[in-house]
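Heads up: the structure comes next, in C-alpha cells.
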Amino acid sequence: MVDERPVLQLTTYWFPTQDSGERSFLMKLEFSLNHPHSGDKPSLAEVACSTGSANQAMDLLPSIIPKKTKRIMRRLLQPWPKDRYTQAYNCSGGILNLFTPPWGEKQDEVWARMVAEWQAKSFPDEQVRQAALRALEQRWNTTPHPFFAGLTPAQVMVGGGPREEELADEFLERLDEMFKEYHFESEGDALIKTVLLLRGWQCQPQRDGQTIAQIIVAERDELLARRAQALA
Amino acid sequence: MSRKSKKRPRRRGARPRRRPSPTSSAFDYQWVIDQADKVLAENDIKFAADNWQQVALDWFTANERDRNELARFMATYEGRLGVTWARDLLRLEVFFRVNDHTAIITHYDRTMARYPRSPLVEMWVAEQIARHGGDWWRARPMLLHVVEQLPNHARPRYELGFMHYLLGDFTGALPWFDEAAVQLTDDEDDIGARVLYNRSLVRYALDGDRKTAIADVKAALRLKPDYPQARESLRALRGRGRWVPW
Numbered sequence: 001m002v003d004e005r006p007v008l009q010l011t012t013y014w015f016p017t018q019d020s021g022e023r024s025f026l027m028k029l030e031f032s033l034n035h036p037h038s039g040d041k042p043s044l045a046e047v048a049c050s051t052g053s054a055n056q057a058m059d060l061l062p063s064i065i066p067k068k069t070k071r072i073m074r075r076l077l078q079p080w081p082k083d084r085y086t087q088a089y090n091c092s093g094g095i096l097n098l099f100t101p102p103w104g105e106k107q108d109e110v111w112a113r114m115v116a117e118w119q120a121k122s123f124p125d126e127q128v129r130q131a132a133l134r135a136l137e138q139r140w141n142t143t144p145h146p147f148f149a150g151l152t153p154a155q156v157m158v159g160g161g162p163r164e165e166e167l168a169d170e171f172l173e174r175l176d177e178m179f180k181e182y183h184f185e186s187e188g189d190a191l192i193k194t195v196l197l198l199r200g201w202q203c204q205p206q207r208d209g210q211t212i213a214q215i216i217v218a219e220r221d222e223l224l225a226r227r228a229q230a231l232a
Numbered sequence: 233m234s235r236k237s238k239k240r241p242r243r244r245g246a247r248p249r250r251r252p253s254p255t256s257s258a259f260d261y262q263w264v265i266d267q268a269d270k271v272l273a274e275n276d277i278k279f280a281a282d283n284w285q286q287v288a289l290d291w292f293t294a295n296e297r298d299r300n301e302l303a304r305f306m307a308t309y310e311g312r313l314g315v316t317w318a319r320d321l322l323r324l325e326v327f328f329r330v331n332d333h334t335a336i337i338t339h340y341d342r343t344m345a346r347y348p349r350s351p352l353v354e355m356w357v358a359e360q361i362a363r364h365g366g367d368w369w370r371a372r373p374m375l376l377h378v379v380e381q382l383p384n385h386a387r388p389r390y391e392l393g394f395m396h397y398l399l400g401d402f403t404g405a406l407p408w409f410d411e412a413a414v415q416l417t418d419d420e421d422d423i424g425a426r427v428l429y430n431r432s433l434v435r436y437a438l439d440g441d442r443k444t445a446i447a448d449v450k451a452a453l454r455l456k457p458d459y460p461q462a463r464e465s466l467r468a469l470r471g472r473g474r475w476v477p478w
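Going line by line, the protein sequences match chains A and B. Counting from 1, one number per residue, gives the positions in the first sequence under our numbering. Counting from 233, one number per residue, gives the positions in the second sequence under our numbering.
Rendered as C-alpha cells:
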C-alpha cells in the first residue's frame, strides 16, 4: 500500500538577493496549486476556478500548512478580476522572472503608454470611452510584457506547472552548486551573473528542439486553457 | 567594465585604504570623504574661484566628447555650481578610480543629487546603481534621461539594451544595442566589444541566425581579444560548446 500522507521536504538553495529568495517561496506555492490534487483529480487552482471561490480548494489542504502560507494560497486562489490583472505584479512570474527586482504599476511603462494613448484619444461619449479602457485592460492582460520576460500578465497570473517546476529546480540546483562559494563584488554583481546564466539557460534547446522558455510558455498556455475549461 | 579611457594616466594615491572597523557593516560616509580628500591633496589639487572649471575638466575625463559635454554643463549652470561642486565631483571621481561602488552611490545620493543633473555623472552613476546596487528600476529612468540628453553616446544605450536583455526582453534589447553600435567611437573598444557581443546573443535568441551571430562575436573579439565570454559563445555557436556550463 502506498502512503499518500504529505511529506515534508527541506531544500536549501543559494539566491543572489533576499527578494528572489522570498519570491522563490511564492513560486513554489504557485506550482503546488497547479499540481493535480492527487492522481488525475483537478488541481487546487482548477477546483477554485470551477467552484468560483477559494473555499473548497482550501479545505483540501492538509492542516499542517502554516496559517501565513494558507493566507498566501487563498490570495492566489481568488477569482480573477474582470478588468486588469494587476495582481500579476505580485505574482512570482516563475523561474523566468524570479530574480527581476520587484516592480509594479509605477514602473510599468507599457501600461502607462497605453493609458496615455487612450487619454489622448477623443471618444463620442463617456460610455464608449470606458468601453475603450476595458478593451485596453484586456489587451494588457494578454499581451507579452517586456518586464515579465515576455510572458503575458495572464500567463503570470496562472502560475507555473509541473514541467516548469522540474526545470526551475534544475536551474536552482545548478546555481547553488556554481555560486554558493563564489565571491561577488556586490549584490548587484551576484544578481547580474545569476540572470545572465538564466537568460543563457532559457534559450537552451531541449531534446524535442524547444527551448526552455518555449516549454514554460507552452505549459502556462495549457494551464490557461484548462482554467478556461474549468470556468466553462 | 573599466570606466576610463586606457590612455588616462594613473594618479598618485588613488588606491583603496582599509576602512576602520572592517567587521562593521555600517558604511562610514565621512571616512570615505576624508580618504577622497587626502587623495586630492596628495595630487596637489587646489580648488579656487578662478580654476574650479579647469580642475574639474582635467580630472574628471580625458575623453574629448565627454570634456565638451562637461564644459557645456558647467557653462549652463555656472551660477549654481562652483568650488564646492567641483570638489564633490572630484571626490566622486576618486571613488570611481578605486572602484568603491558603495561610496559612489552614497556620495551621489547624499551630495551630487543636490546639484543640477549632469547627464555625464548620471550615466556613470546609473551604471553603478544597476550593476552593483542591483536597483534596475532606479537606474532605468536615469538612463532614459541620459539618452535624451546625450544623443551621441553609446554607453547609456548599451546599458539600456543590457537591462532589457536581463529582463528577458530580447526584442526590446536589440534596438538599444543597434543604436549603441551606431554611436561607438574609435576609443571605445571595450564597450564596443560588449555591444557587439550582446547584440549577437540577442539576435541569435530571436532569429537563430548562427552565421550572423558568429560574425558579430568575431567582430567583438577583434575589438577585445581578451573576452572569455565571447570566446565561449563562439565555441557554442560553432557547436563545440554549450551556452551554459552544464
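Cβ atoms here follow ideal geometry from the backbone N, Cα and C, with glycine treated the same way.
Could you have a look at residue i and say whether DSSP puts it in helix, strand or coil?
{"i": "S43(A)", "result": "strand"}
{"i": "E22(A)", "result": "helix"}
{"i": "L469(B)", "result": "helix"}
{"i": "D419(B)", "result": "coil"}
{"i": "K82(A)", "result": "coil"}
{"i": "C49(A)", "result": "helix"}
{"i": "S350(B)", "result": "coil"}
{"i": "H339(B)", "result": "helix"}
{"i": "T293(B)", "result": "coil"}
{"i": "F15(A)", "result": "coil"}
{"i": "G365(B)", "result": "coil"}
{"i": "L429(B)", "result": "Before going further, note that residue 429(B) is Tyr rather than Leu in the sequence given. In this structure, Y429(B) counts as helix in the three-state DSSP scheme."}
{"i": "S253(B)", "result": "Here the model assigns S253(B) a pLDDT of 45, short of 50, so the residue's position is not dependable and the matter cannot be decided."}
{"i": "E185(A)", "result": "coil"}
{"i": "N97(A)", "result": "helix"}
{"i": "I192(A)", "result": "helix"}
{"i": "F402(B)", "result": "helix"}
{"i": "Y89(A)", "result": "helix"}
In chain A, which residues lie less than 8 Å from residue i when you measure between Cβ atoms?
{"i": "Y397(B)", "result": "R199"}
Would you list the one or two residues that DSSP bridges to residue i?
{"i": "P36(A)", "result": "S43(A)"}
{"i": "P205(A)", "result": "T211(A)"}
List the residues of chain B whose Cβ lies closer than 7 Å to the Cβ of residue i, in chain order.
{"i": "T100(A)", "result": "L399"}
{"i": "Q107(A)", "result": "W369"}
{"i": "S186(A)", "result": "H333, H364"}
{"i": "T17(A)", "result": "G366"}
Looking at the unbroken alpha helix (DSSP H) that takes in residue i, where does it start and where does it end?
{"i": "L223(A)", "result": "212 to 231"}
{"i": "K270(B)", "result": "261 to 274"}
{"i": "W368(B)", "result": "368 to 381"}
{"i": "L133(A)", "result": "126 to 142"}
{"i": "P388(B)", "result": "386 to 398"}
{"i": "N55(A)", "result": "55 to 59"}
{"i": "I446(B)", "result": "442 to 455"}
{"i": "W103(A)", "result": "Run containing W103(A): none; DSSP gives neither H nor E here."}
{"i": "P162(A)", "result": "162 to 179"}
{"i": "E109(A)", "result": "109 to 120"}
{"i": "R71(A)", "result": "67 to 77"}
{"i": "L10(A)", "result": "Unbroken run through L10(A): none, as it is neither H nor E."}
{"i": "R319(B)", "result": "315 to 329"}
{"i": "P153(A)", "result": "153 to 158"}
Applying a beta-carbon distance threshold of less than 9 Å, which residues of chain B neighbour residue i?
{"i": "I215(A)", "result": "Those within 9 Å of I215(A) in chain B number zero; the least Cβ separation is about 15 Å."}
{"i": "W103(A)", "result": "W368, W369"}
{"i": "A149(A)", "result": "L399, G400, D401"}
{"i": "L175(A)", "result": "Residues of chain B passing the Cβ test: none, with the nearest at roughly 10 Å."}
{"i": "L33(A)", "result": "Within 9 Å Cβ-Cβ: nothing; L33(A) doesn't reach chain B, min ~23 Å."}
What does residue i reach in chain A if we use C-beta pairs closer than 7 Å?
{"i": "G404(B)", "result": "P146"}
So residue i contacts chain B; which residues on that side make the cut at Cβ distance below 8 Å?
{"i": "L191(A)", "result": "G366"}
{"i": "V195(A)", "result": "L398"}
{"i": "L96(A)", "result": "G400"}
Inter-stretch contact (C-beta, 8 Å, three-pair minimum) for the region 315 to 328 of chain B and the region 342 to 360 of chain B = yes
Do the region 207 to 217 of chain A and the region 33 to 47 of chain A meet, that is, are 3 or more Cβ pairs less than 8 Å apart?
-> no
Does the pairing of the region 165 to 175 of chain A with the region 89 to 102 of chain A give three or more beta-carbon distances under 8 Å?
-> yes
Flag this pair as touching only if the region 119 to 137 of chain A and the region 153 to 161 of chain A have three or more C-beta atom pairs under 8 Å; answer yes or no.
-> no
Taking one C-beta from the region 62 to 82 of chain A and one from the region 171 to 191 of chain A each time, how about it: are there three or more such pairs within less than 8 Å?
-> no
Counting pairs of Cβ atoms below 8 Å between the region 113 to 122 of chain A and the region 57 to 73 of chain A, do you hit three or more?
-> no
Are at least three pairs of beta-carbons, each pair with one atom in the region 412 to 430 of chain B and one in the region 376 to 393 of chain B, less than 8 Å apart?
-> yes
Taking three-plus beta-carbon pairs below 8 Å as touching, is the region 433 to 452 of chain B in contact with the region 394 to 402 of chain B?
-> yes
Within the chosen definition, does the region 187 to 204 of chain A reach the region 9 to 22 of chain A through at least 3 CB pairs nearer than 8 Å?
-> Taking 8 Å as the limit for Cβ pairs, the verdict is that the region 9 to 22 of chain A does touch the region 187 to 204 of chain A.
Check whether the region 322 to 336 of chain B touches the region 367 to 377 of chain B, counting contact only when three or more Cβ pairs, one atom from each stretch, lie closer than 8 Å.
-> no
Within the chosen definition, does the region 104 to 111 of chain A reach the region 140 to 156 of chain A through at least 3 CB pairs nearer than 8 Å?
-> yes
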